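> Residue numbers (our numbering), protein chains in the order written: chain A, 6 to 295; chain B, 8 to 316.
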Amino acid sequence: MFVEALLTGITLGGMYALVAMGLTLQYGVARIMNLSYGEILVAAAFAVFWLFTVAGFNPLIGMAMVAPAALVINWVIYRILLLPLVRRAKTRDALEVDSILATFGLLFVVQGVMLVLFGGAYYSYSFLAIPVDVFGVTIAANRLLALAFAAVIGLALYIGLTRTRAGTALRAVAVDPVSAQLVAIDVRAAAAIAFALGGGLVAAGGVLVSMFLTFNANIGVVFTMKALIVVIMGGVGNMLGALVAGLILGLTETFVATWIDPGLTLAATYSIFLIILLVRPQGLFGRGGR
Amino acid sequence: MTLPLPVKIVGAAVAVAMLACVPLVADGYRLSLAIGLLNYTVLATAWALFSGPTRYVSLATVAFFGIGVYTVAVLGEVLAWPLVLLIALGIGVVLALIIGLSTLRLSGVYFVIFTFGLAELVRQLVTWFEVNKTRTLGRYVFVDITTDQIYWQLLALAVMVFAAGLLIRRSRLGLALRVIGDDETVARHVGINVTAAKVALFMLSAAFMTLCGAVMAPRWSYIDPAIAFNPVTSFQVLIMALLGGVHRLYGPVLGVVPLTLLFEFLLANFPNHFSILIGIAFMLIVYAIPNGIAGLAEKLWARVKGARP
Numbered sequence: 006m007f008v009e010a011l012l013t014g015i016t017l018g019g020m021y022a023l024v025a026m027g028l029t030l031q032y033g034v035a036r037i038m039n040l041s042y043g044e045i046l047v048a049a050a051f052a053v054f055w056l057f058t059v060a061g062f063n064p065l066i067g068m069a070m071v072a073p074a075a076l077v078i079n080w081v082i083y084r085i086l087l088l089p090l091v092r093r094a095k096t097r098d099a100l101e102v103d104s105i106l107a108t109f110g111l112l113f114v115v116q117g118v119m120l121v122l123f124g125g126a127y128y129s130y131s132f133l134a135i136p137v138d139v140f141g142v143t144i145a146a147n148r149l150l151a152l153a154f155a156a157v158i159g160l161a162l163y164i165g166l167t168r169t170r171a172g173t174a175l176r177a178v179a180v181d182p183v184s185a186q187l188v189a190i191d192v193r194a195a196a197a198i199a200f201a202l203g204g205g206l207v208a209a210g211g212v213l214v215s216m217f218l219t220f221n222a223n224i225g226v227v228f229t230m231k232a233l234i235v236v237i238m239g240g241v242g243n244m245l246g247a248l249v250a251g252l253i254l255g256l257t258e259t260f261v262a263t264w265i266d267p268g269l270t271l272a273a274t275y276s277i278f279l280i281i282l283l284v285r286p287q288g289l290f291g292r293g294g295r
Numbered sequence: 008m009t010l011p012l013p014v015k016i017v018g019a020a021v022a023v024a025m026l027a028c029v030p031l032v033a034d035g036y037r038l039s040l041a042i043g044l045l046n047y048t049v050l051a052t053a054w055a056l057f058s059g060p061t062r063y064v065s066l067a068t069v070a071f072f073g074i075g076v077y078t079v080a081v082l083g084e085v086l087a088w089p090l091v092l093l094i095a096l097g098i099g100v101v102l103a104l105i106i107g108l109s110t111l112r113l114s115g116v117y118f119v120i121f122t123f124g125l126a127e128l129v130r131q132l133v134t135w136f137e138v139n140k141t142r143t144l145g146r147y148v149f150v151d152i153t154t155d156q157i158y159w160q161l162l163a164l165a166v167m168v169f170a171a172g173l174l175i176r177r178s179r180l181g182l183a184l185r186v187i188g189d190d191e192t193v194a195r196h197v198g199i200n201v202t203a204a205k206v207a208l209f210m211l212s213a214a215f216m217t218l219c220g221a222v223m224a225p226r227w228s229y230i231d232p233a234i235a236f237n238p239v240t241s242f243q244v245l246i247m248a249l250l251g252g253v254h255r256l257y258g259p260v261l262g263v264v265p266l267t268l269l270f271e272f273l274l275a276n277f278p279n280h281f282s283i284l285i286g287i288a289f290m291l292i293v294y295a296i297p298n299g300i301a302g303l304a305e306k307l308w309a310r311v312k313g314a315r316p
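Structure below.
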């Protein structure tokens, strides 16, 4: 029982960490507090569902199509919808408020489109639902696959951000957008790239989640919420923090669902959030200053 | 524009008296429309009471509203009506105090995020409690309150919201809030207890929202958590207040009237595309009129005055 819950929790936590990494890019670098973030995840899940059940594409091939498409779409969203707000904003706080409002509107638009297309019912598909034996516990192969992919994508992102020139530029913008300009970094271009990358990541996360969880058109808000909590828990802009916080959240949820009550997982999530806010508002790995 | 105070008070009293006559003359449909208008007037004005001066965007309107609704659904039959309202008020205020104390000490983003998920959390907790403890999901509201009475109660609530807004504006608290909204660091340095001021106002705003939910509860004969904690309510209140303009007390009303009528029209004609359409309407407002109708009107007025030497 314990090992099973542990494995489930790590898989779920890995998804949260991956999804939160995208959000921390969008919020940390592009300074956009994106409330429609989870809708991209659900849209990707529906896209892969459609590709798999109607067009007959393997979800992994689906991911190779959906994630780059989401990357491009998010870049366009940033250029068209959010750049006017960036230009208009006098301070960082003003941009935060404006972006919260604009993406809150976007949330209802995207959700409305999905409701029209798919209705409010729950969807799932069966892909690689083969039992696999790990440490004496049976677990579905699709979960292991999702976890492996999350680990690979997360690792690639981490190496890209810490070991390449472009990645260092993104991190520089996250630390101080004004000083970043002084060393010849195009902050607006960097912000657009970070926002697009975040969108691509969350789409990949959506594809992986759809392999083993049921989803419906209204569920995006929950993912946005959890991603936000993980980002704050780990410290805004901190990749390693997002990984640890994501795992903590996934494990907590699974343990609460297994031993206490499945109806109380969100309450557990919130309790963690409250404790973090009260004890360490800058996040587990964040530096002070806020 | 500057009338002496007694004239203003008499004018307001006459307006309220005329509004109070609406149930005597209006038919069923018009009365329910009027109730909708008053409901959103109370909610949007209460929202702007807190979010206007502090510039903290609260997305949790429906959490408090729903608590009000549920309190009536649970206690409406067993206790006297004023007592039920009082209990609803107590629950709402205590919840606001807890949320305010834990999030309002921090930067505004934490507050927004927390309120973003609050309605969902409360909804799931209520669902969990109903399924596991009372073993029923959904309740019937049996309260001996007529539609006319709902209207009058809402009108009284609206008068109270405006009175509270006016009193705050003239008090030390109002001045403190304006300083906080302009610059929190400055506010701290001149000796304002920033957290206490914000929490106090948040509690007041939540009190009105909870009461509004309690008063509105008899409108539904059947409720379940999905009805009481419908996130679209929070969204509608926010968009109305923003359209009207949050920096003036009368601002939100200017948004409530056109948008209530628009939503009524959209719901009747495009029920399936409602969410898309209000999302687009909302984004248009955020981009095109960031200061709301009140801000727009003032700008025009200033231009007219500037043109005349």
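A virtual CB, placed ideally from N, CA and C, is assigned to each residue, including glycine.
Quantities reported herein were computed from a predicted structural model and do not represent experimental measurements.
Taking all protein chains shown into account, do 16 or more other C-beta atoms lie within 10 angstroms of the C-beta of M223 of chain B, making it buried, or fewer, making it exposed?
In the second sequence, residue 223 of chain B corresponds to position 216, counting from 1. M223 of chain B should be labelled buried.
> Taking one C-beta from the segment 76-96 of chain A and one from the segment 246-261 of chain B each time, how about it: are there three or more such pairs within less than 8 Å?
Of all C-beta pairs linking the segment 76-96 of chain A to the segment 246-261 of chain B, fewer than three are shorter than 8 Å, placing the two stretches out of contact.
> Between the Cα of A52 of chain A and those of A:M216, A:R176, A:A35, spot the shortest distance and give me the residue it belongs to.
Here residue 52 of chain A is taken as the residue at index 47 of the first sequence, counted from 1. For A52 of chain A, the nearest C-alpha among the options comes from A:M216.
> Are I234 of chain A and F200 of chain A touching if we call contact CB-CB under 7 Å?
Working through the first sequence from its first residue, we reach residue 234 of chain A at position 229. Working through the first sequence from its first residue, we reach residue 200 of chain A at position 195. Going by C-beta atoms, I234 of chain A is not nearer than 7 Å to F200 of chain A.
> Around the C-beta of P225 of chain B, are 16 or more other C-beta atoms found within 10 angstroms, so that it is buried, or is it exposed?
Along the second sequence, one-based indexing puts residue 225 of chain B at 218. The residue is buried, with at least 16 neighbouring Cβ atoms inside 10 Å.
> In the DSSP assignment, what are the bridge partners of T143 of chain A?
For the purposes of this step, residue 143 of chain A is identified with residue 138 of the first sequence, where counting begins at 1. According to DSSP, T143 of chain A bridges with A:D138.
> Which class does Y32 of chain A belong to by DSSP, given the choice of helix, strand or coil?
As a position in the first sequence, residue 32 of chain A is number 27, starting the count at 1. Three-state DSSP puts Y32 of chain A in a helix.
> In or out: Y127 of chain A buried (at least 16 other Cβ within 10 Å) or exposed?
In the first sequence, counting from the first residue as 1, residue 127 of chain A sits at position 122. Y127 of chain A should be labelled exposed.
> Looking at Y42 of chain A and G255 of chain A, is the spacing between their C-beta atoms short of 7 Å?
On the first sequence, residue 255 of chain A is found 250 positions in, with the first residue counted as 1. On the first sequence, residue 42 of chain A is found 37 positions in, with the first residue counted as 1. For G255 of chain A and Y42 of chain A, no; Cβs fall outside 7 Å.
> Looking at I300 of chain B and G252 of chain B, is the spacing between their C-beta atoms short of 7 Å?
Taking the first residue of the second sequence as 1, we reach residue 252 of chain B at position 245. Taking the first residue of the second sequence as 1, we reach residue 300 of chain B at position 293. Yes. Within cutoff.
> Label G294 of chain A either buried or exposed according to how many other C-beta atoms from any shown protein chain fall within 10 Å of its C-beta, with 16 as the threshold for buried.
As a position in the first sequence, residue 294 of chain A is number 289, starting the count at 1. A caution first: G294 of chain A carries a pLDDT of 40, below 50, which makes its placement in the model unreliable, though a value can still be read off. G294 of chain A is exposed by the Cβ-count criterion.
> So what does R130 of chain B bridge to, in DSSP terms?
Start at 1 with the first residue of the second sequence, and residue 130 of chain B comes out as number 123. None, per the DSSP bridge assignment.
> Who are the neighbours of Y275 of chain A on chain B, taking C-beta pairs under 8 Å?
Walking along the first sequence from the start, residue 275 of chain A turns up at place 270. Simply G124, L128.
> Classify I199 of chain B as helix, strand or coil using the three-state DSSP reduction.
The residue given as residue 199 of chain B occupies position 192 in the second sequence. In the structure shown, I199 of chain B sits in coil (DSSP, three-state: anything other than H, G, I, E or B).
> Does any residue of chain A have a CB that is nearer than 7 Å to the CB of I74 of chain B?
Walking along the second sequence from the start, residue 74 of chain B turns up at place 67. I74 of chain B does not count as touching chain A.
> Is there a C-beta anywhere in chain A that falls below 7 Å from the one on W135 of chain B?
Indexing the second sequence from 1 puts residue 135 of chain B at position 128. Chain A contact via Cβ: present.
> What residues of chain B sit near M230 of chain A, judged by a beta carbon separation below 8 Å?
In the first sequence, the residue the question calls residue 230 of chain A occupies position 225. Here the neighbours are I120, F123, G124, E127.
> Which whole-angstrom value is the C-beta distance of L30 of chain A and L202 of chain A, which I expect to be below 8 Å?
Residue numbering aside, residue 30 of chain A sits at position 25 when the first sequence is read from its first letter. Residue numbering aside, residue 202 of chain A sits at position 197 when the first sequence is read from its first letter. Right, their Cβ atoms sit about 5 Å apart.
> Is the beta carbon of A232 of chain A sitting closer than 7 Å to the one on I158 of chain A?
To locate residue 232 of chain A, count along the first sequence from 1; it is residue 227. To locate residue 158 of chain A, count along the first sequence from 1; it is residue 153. Note that the C-beta distance between A232 of chain A and I158 of chain A is not below 7 Å.
> Report the rounded CA-to-CA distance for R179 of chain B versus V119 of chain B, giving the unit in angstroms.
Against the second sequence, residue 179 of chain B aligns to sequence position 172. Against the second sequence, residue 119 of chain B aligns to sequence position 112. If you take the alpha carbons of R179 of chain B and V119 of chain B, they lie about 26 Å apart.
> Is Y127 of chain A helix, strand or coil by DSSP?
Counting from one through the first sequence, the residue named residue 127 of chain A turns up at place 122. Note: Y127 of chain A maps to coil in three-state DSSP.
> What whole-angstrom Cβ distance do V148 of chain B and I199 of chain B have, given they're in contact under 8 Å?
Within the second sequence, numbered from 1, the residue matching residue 148 of chain B stands at position 141. Within the second sequence, numbered from 1, the residue matching residue 199 of chain B stands at position 192. Incorrect: roughly 43 Å between the Cβ atoms, too far for contact.
> Is the segment 102-118 of chain B touching the segment 167-185 of chain B, taking contact as three or more C-beta pairs under 8 Å?
no
> Rounded to whole angstroms, what's the CA-CA distance from A304 of chain B to I296 of chain B? Just pull it up for me.
Working through the second sequence from its first residue, we reach residue 304 of chain B at position 297. Working through the second sequence from its first residue, we reach residue 296 of chain B at position 289. Each residue's alpha carbon lies about 11 Å from the other.
> Counting only beta-carbon atoms, is M290 of chain B nearer than 7 Å to chain A?
Working through the second sequence from its first residue, we reach residue 290 of chain B at position 283. Taking Cβ atoms only, chain A reaches closer than 7 Å to M290 of chain B, which makes this a yes.
> What separation, rounded to the nearest whole angstrom, lies between the Cα atoms of T270 of chain A and E258 of chain A?
For the purposes of this step, residue 270 of chain A is taken as residue 265 along the first sequence, with counting starting at 1. For the purposes of this step, residue 258 of chain A is taken as residue 253 along the first sequence, with counting starting at 1. The straight-line gap from Cα to Cα measures roughly 5 Å.
> Is I283 of chain B close to chain A? Criterion is C-beta to C-beta, closer than 7 Å.
Reading the second sequence from its first residue, position 276 is the one you call residue 283 of chain B. Closer than 7 Å to some Cβ of chain A, the Cβ of I283 of chain B qualifies, so yes.
> If distances are taken between C-alpha atoms only, which option among B:G313, B:Y117, B:G59, B:R185 comes closest to V241 of chain A?
In the first sequence, counting from the first residue as 1, residue 241 of chain A sits at position 236. B:Y117 is the residue among B:G313, B:Y117, B:G59, B:R185 whose C-alpha sits nearest the C-alpha of V241 of chain A.
> Starting from F242 of chain B, trace the alpha helix (DSSP H) in both directions and tell me its first and last residue.
Position 235 of the second sequence holds residue 242 of chain B. That run of the alpha helix (DSSP H) goes 238-251.
> Hey, does L1 of chain B have any beta-carbon neighbour from chain A nearer than 7 Å?
A question about residue 1 of chain B goes unanswered here, because the residues of chain B that appear run from 8 up to 316.
> Would you call the segment 47-56 of chain B and the segment 64-72 of chain B in contact, with 3 or more CB pairs under 8 Å?
yes
> Nearest by alpha-carbon distance to A272 of chain A: which of A:M230, A:I237, A:R84, A:V114 is it?
What you label residue 272 of chain A is simply residue 267 of the first sequence in a count that begins at 1. Nearest option by C-alpha distance: A:M230.
> What's the gap between the Cα of P316 of chain B and the Cα of A19 of chain B?
If you number the second sequence from 1, residue 316 of chain B lands on position 309. If you number the second sequence from 1, residue 19 of chain B lands on position 12. Because the pLDDT of P316 of chain B is 49, which lies under 50, any placement of that residue in the model is unreliable, and the number read from its coordinates should be weighed accordingly. Approximately 33 Å between the Cα atoms of the pair.
> Can you say whether V32 of chain B is buried or exposed, counting buried as having 16 or more other CB atoms within 10 angstroms of its CB?
Stepping through the second sequence from its first residue, residue 32 of chain B is reached at position 25. Counting Cβ neighbours within 10 Å, V32 of chain B comes out exposed, since fewer than 16 surround it.
> What would DSSP say about F62 of chain A, mapped onto helix, strand or coil?
To locate residue 62 of chain A, count along the first sequence from 1; it is residue 57. Coil.
> If you check the beta carbons only, do G204 of chain A and G239 of chain A fall under 7 Å apart?
The residue given as residue 204 of chain A occupies position 199 in the first sequence. The residue given as residue 239 of chain A occupies position 234 in the first sequence. No, they are not a contact pair.
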